[in-house]
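This report concerns only the one structure given below.
There are 2 protein chains.
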Amino acid sequence: MSSTAPLNKQLFNDIRASILAGNVCPGTRLPPTRELARELGIARNTVLYAYDRLTDEGYTQTLGGSGTYVCDTAPDPALLDRMIDSSHAAGTTAARDDSRLSARASELLSNAGASDLQVGAFVPGIPDVSQFPRGVWQRLITKVWKTAGQGQLGYGSRHGHPPLKRALSEYLTLARGVNCSPEQIVVTQGTHQAIDLCARLLADPGDLVWLEDPCYWGARSVFRAAGLEMEGIPVDEQGIRLPLSPEVSPKLIFVTPSHQYPSGVVMSLPRRRLLTEVACAHKAWIIEDDYDSEFRYQGPPLPCLQGLDPHCNTIYIGSFSKVLYPGLRLAFLIVPLELVDAFAVAQSEVYRGGQLTVQAALAGFIADGHYTAHVRRMRKIYAARKAHLTQELQRQLGDQVDIIGTDTGLHLTVLLPHADDRSVSQAALANGIVARPLSSYFASASRSQNGLVLGYGGVADEEIAGAVRKLTCAIESVTRS
Amino acid sequence: MSSTAPLNKQLFNDIRASILAGNVCPGTRLPPTRELARELGIARNTVLYAYDRLTDEGYTQTLGGSGTYVCDTAPDPALLDRMIDSSHAAGTTAARDDSRLSARASELLSNAGASDLQVGAFVPGIPDVSQFPRGVWQRLITKVWKTAGQGQLGYGSRHGHPPLKRALSEYLTLARGVNCSPEQIVVTQGTHQAIDLCARLLADPGDLVWLEDPCYWGARSVFRAAGLEMEGIPVDEQGIRLPLSPEVSPKLIFVTPSHQYPSGVVMSLPRRRLLTEVACAHKAWIIEDDYDSEFRYQGPPLPCLQGLDPHCNTIYIGSFSKVLYPGLRLAFLIVPLELVDAFAVAQSEVYRGGQLTVQAALAGFIADGHYTAHVRRMRKIYAARKAHLTQELQRQLGDQVDIIGTDTGLHLTVLLPHADDRSVSQAALANGIVARPLSSYFASASRSQNGLVLGYGGVADEEIAGAVRKLTCAIESVTRS
Chain A
177 MSSTAPLNKQ LFNDIRASIL AGNVCPGTRL PPTRELAREL GIARNTVLYA
227 YDRLTDEGYT QTLGGSGTYV CDTAPDPALL DRMIDSSHAA GTTAARDDSR
277 LSARASELLS NAGASDLQVG AFVPGIPDVS QFPRGVWQRL ITKVWKTAGQ
327 GQLGYGSRHG HPPLKRALSE YLTLARGVNC SPEQIVVTQG THQAIDLCAR
377 LLADPGDLVW LEDPCYWGAR SVFRAAGLEM EGIPVDEQGI RLPLSPEVSP
427 KLIFVTPSHQ YPSGVVMSLP RRRLLTEVAC AHKAWIIEDD YDSEFRYQGP
477 PLPCLQGLDP HCNTIYIGSF SKVLYPGLRL AFLIVPLELV DAFAVAQSEV
527 YRGGQLTVQA ALAGFIADGH YTAHVRRMRK IYAARKAHLT QELQRQLGDQ
577 VDIIGTDTGL HLTVLLPHAD DRSVSQAALA NGIVARPLSS YFASASRSQN
627 GLVLGYGGVA DEEIAGAVRK LTCAIESVTR S
Chain B
177 MSSTAPLNKQ LFNDIRASIL AGNVCPGTRL PPTRELAREL GIARNTVLYA
227 YDRLTDEGYT QTLGGSGTYV CDTAPDPALL DRMIDSSHAA GTTAARDDSR
277 LSARASELLS NAGASDLQVG AFVPGIPDVS QFPRGVWQRL ITKVWKTAGQ
327 GQLGYGSRHG HPPLKRALSE YLTLARGVNC SPEQIVVTQG THQAIDLCAR
377 LLADPGDLVW LEDPCYWGAR SVFRAAGLEM EGIPVDEQGI RLPLSPEVSP
427 KLIFVTPSHQ YPSGVVMSLP RRRLLTEVAC AHKAWIIEDD YDSEFRYQGP
477 PLPCLQGLDP HCNTIYIGSF SKVLYPGLRL AFLIVPLELV DAFAVAQSEV
527 YRGGQLTVQA ALAGFIADGH YTAHVRRMRK IYAARKAHLT QELQRQLGDQ
577 VDIIGTDTGL HLTVLLPHAD DRSVSQAALA NGIVARPLSS YFASASRSQN
627 GLVLGYGGVA DEEIAGAVRK LTCAIESVTR S
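One line per chain: the protein sequences are A and B, in this order. Quick note: the first sequence uses my numbering, first residue 177, plus one each step. Quick note: the second sequence uses my numbering, first residue 177, plus one each step.
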């Protein structure tokens, strides 16, 4: 620290370091200030400052007028021995000496899925933030700050910003067929927090959660960090294919019915009805992640599962990351009325609330119609971009290339039955192109498929042809070798 | 839903409900559109809309020109039986039939500490947000949005916003004696998230964490939710009094050395040095929560523990909630270099990042000197307010009243050796005054003390006398009875 500290702190730092290192014994009298100043060729005030601070912080004390003495602040070895001896003998920490991370941390980190690259072709799950109406948003934020009371800058009460919940409930009832009142909405800081609340409030460590296989890596990470057992359930062209005679009942069933992530499959109505019955029989909660259903290009958007569940067993998660911008960090849960208090209280305990100014601006954004208008505008842009990408892929990879999951959302998947997708992905990354391997989303190796998950939300139209060219080179380099 | 849906959706909703309820059997032909329109006295277009949507969503199908028929979407009872039978027989969920919350949720909720009241006299931990320089902040936010690239609206890469980390590292080295480089800083969404990352990355369920007793309720809730065992360690006038010969080594030791929460004790230098040695011997991590050390009224602020730890075993947590405003939801960790990657990756996995525009504005706020200026200004305001509150308490409760913890921070504690503090707190709340009982912060009943923790950060000067009057009435009403 000495090197970066201003000059008048350096003497303090040096003496302190000597005391801490035991080079100056307790009881030692520091040289008189005049003498030390002369000896070091520095101002006496600098020495006075250092001595004062040492005394203020307890390293030294002044005894009457007789000078400044080093205090005895080092731990007493005998006391230290008694404090640590028995536990050391017990050897409780010996097992994990080399890595000081927890076992759950090691598991989490060795299965990490988040990418460090978050912009450009073809990062999935990223919207085109260049189209976000910054001006409108800024005006709303400014307006909120002009009128916000003190409470709006605080942690907030447990139940979030009421106008946002009202605006959301109204919008979702019409747009997504959700069955809810504003009171059922719990605003969270992102989808991961919403999933984590479900995992910790509705399941204990060791409890089972069914996930679609393939599945969003983030859901797996959150459930893993919460100590749950995970079972991947296969997905076919109708969505999740529930198992016959499972040995253990799941506590949670996590699904993406509107647009299966990452395969793009839309869950059929018979499967939805089967799922709600099976969940009810198992006394399991369904968690419906409706992450990008706003962007449906063929036919009207299908209503969500939550509104269809006759047993009110479905918890709905919605996010603003795909419509507004990911860095906003706002999402929400719709939970059955009897769970609202538990979720709201747990959120205050585990995370604390806040962001009420942003919630207020978002409420205005929805209520004033900007949300719907922006969705409508972006849907057209993404549809054109998807068509453009599909066309380029077919032109460059050949008409026979199998592209799936193009009805909805911000990504599509190119199947590569004859190439190792992880090698292709690496080769593409070397050319600056993110193309996540489809196989990395599978929990079961036997079920795994080779392919590339390509996000087109954040790719400018003029970049697409060039990016597909680089991707084609990567694919060819792998299939040739 | 029918009642709130627009008229042209009502018919769709009603038919859908009949199909879902099984009142209309699969294979049934719906009445011809003209006929139904005439019968119901509605426009034929309304019927056409309903039929189209039913078909779109899979409830019905059209067979050539012969009409619209109800599809068979209900689960096959035989299939359903096979899906749920064996697991039901196993009875895995029978034990917790009445409450469908997890065991950990029940524990978390029954020990909840967050208050629903977050403004006014005397909520602790709340700064005076009316003094926050909104204009400056607004200008910084506007400036950031004008120049922010697309990446700044995204989830962000794993390592946060570099300019903020540089500004923080510089400020903290000077102001708090922290020993760190910018790379060691991990920006989090609030202190709770920072504690949670420590709990999950550095300890497994069942591992032991030592907490000061009394202690911040929020830390207890986060550790509890992470499945850790907690042991409260007594605090005396020098700070935490470490136990002799503990049977089990702690994995984590959570402390507030600058301003013990809520007692207000400042940890002495000998105790700090003992703590770092004991932690090292146990191979435990120290977590130092330096939540409001900026506001020290007597003498210079003591440097933090992290900069003093010769073993680099201390993880520092700082927050912007007390200096800027709580709803901002930004805090940070300073971790040893070898842990940075683990923390950054885990944060992406469990929470995802974001808020880079806010981080950029905050970087400007610090680098441009607004942070230091605001702290200096607020320190004077809080010092005056604290003096005023102390004076009023002494005037109204008598000079003999014992007030502790007044050197630092945004709250003080009035000891009430002869009154049940929970009753006083309830009586005060009935008069609109929040006065948290000191005893509620203790884990051990035998160690517990009666008193009131009074936050003065968010109380206007002119409210203090009146609020103390109400508080005095509450105390008298309890001691008299």
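Every residue, glycine too, gets a C-beta built ideally from N, C-alpha and C. None of these values were measured; they are calculated from a predicted model.
So residue i packs on residue j, CB below 8 Å; how close in whole Å?
{"i": "Pro251 (chain A)", "j": "Leu450 (chain B)", "result": "4 Å"}
{"i": "Leu387 (chain A)", "j": "Met406 (chain A)", "result": "6 Å"}
{"i": "Ala536 (chain A)", "j": "His337 (chain A)", "result": "6 Å"}
Under the three-state reduction of DSSP, which class applies to residue i: helix, strand or coil?
{"i": "Met443 (chain A)", "result": "coil"}
{"i": "Glu525 (chain B)", "result": "helix"}
{"i": "Asp465 (chain A)", "result": "strand"}
{"i": "Phe678 (chain B)", "result": "Nothing in the structure corresponds to residue 678 (chain B), since chain B is present only between 177 and 657."}
{"i": "Asp517 (chain A)", "result": "helix"}
{"i": "Arg472 (chain B)", "result": "strand"}
{"i": "Ala507 (chain A)", "result": "strand"}
{"i": "Tyr225 (chain B)", "result": "helix"}
{"i": "Thr349 (chain B)", "result": "helix"}
{"i": "His335 (chain A)", "result": "coil"}
{"i": "His564 (chain A)", "result": "helix"}
{"i": "Gln186 (chain A)", "result": "helix"}
{"i": "His587 (chain B)", "result": "strand"}
{"i": "Phe399 (chain B)", "result": "helix"}
{"i": "Leu532 (chain B)", "result": "helix"}
{"i": "Gly327 (chain A)", "result": "helix"}
{"i": "Asp578 (chain B)", "result": "strand"}
{"i": "Asp412 (chain A)", "result": "strand"}
{"i": "Ile423 (chain A)", "result": "Position check: residue 423 (chain A) holds Glu in this sequence, whereas Ile was assumed. It is coil, neither helix nor strand."}
{"i": "Thr367 (chain B)", "result": "helix"}
{"i": "Pro593 (chain B)", "result": "coil"}
{"i": "Pro251 (chain A)", "result": "coil"}
{"i": "Pro486 (chain A)", "result": "coil"}
{"i": "Ser622 (chain A)", "result": "coil"}
{"i": "Ser179 (chain A)", "result": "Summary for Ser179 (chain A): the model assigns pLDDT 40, below 50, so the residue's position carries little reliability, and this model does not support an answer."}
For residue i, collect the residues of the same chain with a Cβ closer than 6 Å to its Cβ; drop the 5 residues on either side in sequence, then sort them by chain order.
{"i": "Ala271 (chain B)", "result": "Residue confidence for Ala271 (chain B) is low, a pLDDT of 39 falling below 50, so the modelled location carries little weight; the figure read from the coordinates is stated next. Here the set comprises nothing."}
{"i": "Arg205 (chain B)", "result": "Gly243 and Tyr245"}
{"i": "Tyr481 (chain A)", "result": "As written in the sequence, residue 481 (chain A) is Leu, which differs from the Tyr given in the question. Cβ within range, chain order: Pro433, Arg448, Glu464 and Thr490."}
{"i": "Leu591 (chain A)", "result": "Asp578 and Gly627"}
{"i": "Gln414 (chain B)", "result": "Ser444 and Arg447"}
What does a CB cutoff of less than 8 Å around residue i pick up in its chain, not counting 5 residues either side in sequence?
{"i": "Gly198 (chain A)", "result": "Ala250"}
{"i": "Arg553 (chain B)", "result": "Gln307"}
{"i": "Thr367 (chain A)", "result": "Gly394, Asp465, Tyr467, Ile493, Ser495, Ser497 and Ala507"}
{"i": "Val499 (chain B)", "result": "Pro303, Glu470, Tyr547, His550, Val551 and Met554"}
Less than 7 Å between C-beta atoms, sequence neighbours within five positions excluded: which residues of the same chain meet that for residue i?
{"i": "Ser194 (chain B)", "result": "Val200"}
{"i": "Glu639 (chain A)", "result": "Ala297"}
{"i": "Arg310 (chain A)", "result": "none"}
{"i": "Val654 (chain A)", "result": "Ala595, Asp596, Ser599, Val600 and Ala603"}
Interface residues of the stretch 452 to 465 of chain B facing chain A [CB-CB below 7 Å]: Under the 7 Å Cβ criterion, the stretch 452 to 465 of chain B contributes Glu453, Val454, Ala457, His458 and Lys459.
Positions along the stretch 243 to 258 of chain B whose CB lies within less than 7 Å of some CB in chain A: Look at the stretch 243 to 258 of chain B: the residues with a C-beta under 7 Å from a C-beta of chain A are Thr249, Ala250, Pro251, Leu256 and Arg258.
Cβ-based contacts, 7 Å cut-off: residues of the stretch 520 to 538 of chain B near chain A: Listed by position, the residues of the stretch 520 to 538 of chain B near chain A (Cβ gap below 7 Å) are Val521, Ala522, Ser524, Glu525, Val526, Tyr527, Arg528, Gly530, Gln531, Leu532 and Thr533.
Contact between the stretch 390 to 402 of chain A and the stretch 279 to 288 of chain A (3+ Cβ pairs under 8 Å): In the pairwise beta carbon analysis, the stretch 390 to 402 of chain A is classified as touching the stretch 279 to 288 of chain A: at least three pairs are separated by under 8 Å.
Contact set between the stretch 364 to 380 of chain A and chain B, restricted to residues whose Cβ is under 8 Å from the partner: Gln365, Gly366, Thr367, His368, Gln369, Asp372, Arg376, Leu377, Leu378, Ala379 and Asp380: these are the residues of the stretch 364 to 380 of chain A whose beta carbon lies less than 8 Å from some beta carbon of chain B, given in chain order.
Chain A contacts made by the stretch 320 to 344 of chain B, where a contact means CB separation under 9 Å: Cβ contacts with chain A come from Trp321, Lys322, Ala324, Gly325, Gln326, Gly327, Gln328, Leu329, Gly330, Tyr331, Gly332, Ser333, Arg334 and His335.
The stretch 552 to 579 of chain A: positions lying closer than 8 Å to chain B by Cβ: So the list is empty, because no residue satisfies the distance condition.
Inter-stretch contact (C-beta, 8 Å, three-pair minimum) for the stretch 291 to 311 of chain A and the stretch 604 to 613 of chain A: Yes, since at least three Cβ pairs between the stretch 291 to 311 of chain A and the stretch 604 to 613 of chain A fall closer than 8 Å, the two stretches touch.
Three CB pairs or more closer than 8 Å across the stretch 546 to 564 of chain A and the stretch 399 to 410 of chain A: Too few Cβ pairs lie closer than 8 Å, so no.
Meets three-Cβ-pair contact criterion under 8 Å: the stretch 556 to 574 of chain B and the stretch 632 to 645 of chain B: Short answer: they touch.
Within 9 Å of chain A by C-beta, residues of the stretch 494 to 516 of chain B in sequence order: Hits within the stretch, in order: Ser497, Leu500, Tyr501, Pro502, Gly503, Leu504, Arg505, Glu514 and Leu515.
Inter-stretch contact at 8 Å, needing at least 3 Cβ pairs: the stretch 371 to 381 of chain A / the stretch 424 to 438 of chain A: They touch, by the three-pair rule.
Contact list for the stretch 218 to 239 of chain A against chain B, Cβ threshold 8 Å: Using a CB distance below 8 Å, the part of the stretch 218 to 239 of chain A facing chain B consists of Arg229, Asp232, Glu233, Gly234 and Tyr235, ordered along the chain.
Residues of the stretch 418 to 443 of chain A whose Cβ lies closer than 9 Å to any Cβ of chain B, in chain order: Here the close residues are Leu418, Pro419, Leu420, Ser421, Pro422, Glu423, Val424, Ser425, Pro426 and Lys427.
Stretch-stretch touch, CB-based, cutoff 8 Å, three pairs: the stretch 507 to 522 of chain B with the stretch 215 to 227 of chain A: Three or more beta-carbon pairs separated by less than 8 Å are not found between the stretch 507 to 522 of chain B and the stretch 215 to 227 of chain A, which leaves the two stretches without contact.
At least 3 beta-carbon pairs within less than 8 Å: the stretch 519 to 530 of chain B vs the stretch 353 to 370 of chain B: The stretch 519 to 530 of chain B, when compared against the stretch 353 to 370 of chain B, does touch it at the 8 Å Cβ threshold.
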